[in-house]
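In the numbering used here, the protein residues as written are 130 to 214.
Glycine included, every Cβ here is placed at the ideal spot set by N, Cα and C.
Input: a single structure, listed below in structure tokens.
Have a look at this one:
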């Protein structure tokens, strides 16, 4: 039987203050899933514009996490090979 202090200690050992995030190199809808995926409703937008929006949202998320005290390790993705979604 575990005591509360052991459970609490074990839970604490599973926590982290760091995350790894990969900044999108290119962002666009996956043509194979766009027809039935509501999150890809703007599939007809300019791909460069979509990439810019995705990068801005990514950067805002990084800023928010860092402001909350999370250590964020950012890596840059490449445009090739293609990775839709």
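Worksheet entry | Segments assigned beta strand (DSSP E), at least 3 residues, entirely inside the segment 140-172 | Those beta strand (DSSP E) runs which fall completely within the segment 140-172 and span 3+ residues are 147-152.
Practice prompt. Could you tell me the boundaries of the beta strand (DSSP E) in which residue 205 lies?
Written response: To locate residue 205, count along the chain shown from 1; it is residue 76. Unbroken beta strand (DSSP E) run through residue 205: 200-205.
Discussion item. Give me, in chain order, the residues of the same chain whose beta-carbon lies closer than 6 Å to that of residue 179; leave out the 5 immediate sequence neighbours on both sides.
Written reply: Here residue 179 refers to the residue found at position 50 of the chain shown. For residue 179, where only same-chain residues beyond five positions count, the Cβ hits under 6 Å are 156 and 157.
Practice prompt. Specify the secondary structure class of residue 211 as computed by DSSP and reduced to three states.
Written response: On the chain shown, position 82 is the one that residue 211 refers to. Residue 211: coil per DSSP, three-state reduction.
Fill in: Whole-angstrom C-beta distance between residue 188 and residue 154, which should lie under 8 Å
As a first step, residue 154 must be located in the chain shown, where it is residue number 25. As a first step, residue 188 must be located in the chain shown, where it is residue number 59. Not really, about 14 Å apart at Cβ, beyond 8 Å.
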